[in-house]
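Numbered by the numbering used here, the letters in the sequence shown go through residues 3 to 166 in order.
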Amino acid sequence: MVMDPGLVPVLMLIAVTATLSLLGAAGVRRLKPWPVAVRGGVAALFVTTGLAHFIGMREELVAMVPPALPAPGLLVAVTGVLELAGAAGVLWSRTAPWAAAGLTVLLLGMFPANVYKALHGPVTSVLDELVPRSLMQVVFLAATGSLVMYYARTPNRPFAQRRP
3 MVMDPGLVPV LMLIAVTATL SLLGAAGVRR LKPWPVAVRG GVAALFVTTG LAHFIGMREE
63 LVAMVPPALP APGLLVAVTG VLELAGAAGV LWSRTAPWAA AGLTVLLLGM FPANVYKALH
123 GPVTSVLDEL VPRSLMQVVF LAATGSLVMY YARTPNRPFA QRRP
């Protein structure tokens, strides 16, 4: 049985977050706060998807861009760079709140491409259908959004200087 490549990002998010959470629970002090584990999972997710903008799935991603948008290849490259930058930013505590917020906005901005793919693209797996694609986006948004909410609600510190 071959795993659907569309599952790789969500599995990366879950596996890395779970591994870091377990290490924190096992006594690795720096990994104890839950946002640290989620930041690691989000970084793994966006490294995986960001690299796909350049290798492996580039043509499929270009084909996902709705025809109303100009320069699909450029848009895929720019969003790939933003995903990779967000992945790096979410790992550094000083930039994590801003990177998480940027990735949340990016996910929302790219959602129409996922809808277009589901409605107009070739369906090569069940994950290409609208409901599974949308549910995966909800999982990604929950991860980035949980970080944004955590940092927004942490009292007595400016948004950009919070830890963990």
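For every residue, glycine included, the Cβ atom is placed at its ideal position computed from N, Cα and C.
- Secondary structure of residue 48 (DSSP, three-state): helix.
- About 18 Å separates the Cβ atoms of residue 110 and residue 121, ruling out a contact at the 8 Å cut-off.
- Annotation: residue 55 is outside any alpha helix (DSSP H) and is labelled neither H nor E by DSSP.
- DSSP places residue 32 in the helix class (H, G or I) of the three-state scheme.
- With fewer than 16 other Cβ atoms from the protein chains shown falling within 10 Å of its own Cβ, residue 76 counts as exposed.
- Under the three-state reduction of DSSP, residue 131 is assigned to coil, being neither helix nor strand.
- The C-alpha of residue 15 is placed about 6 Å away from the C-alpha of residue 44.
- In this structure, the alpha-carbon of residue 93 lies about 17 Å from that of residue 151.
- With distances taken between CA atoms, residue 114 lies nearest to 67 out of 127, 91, 67, 95.
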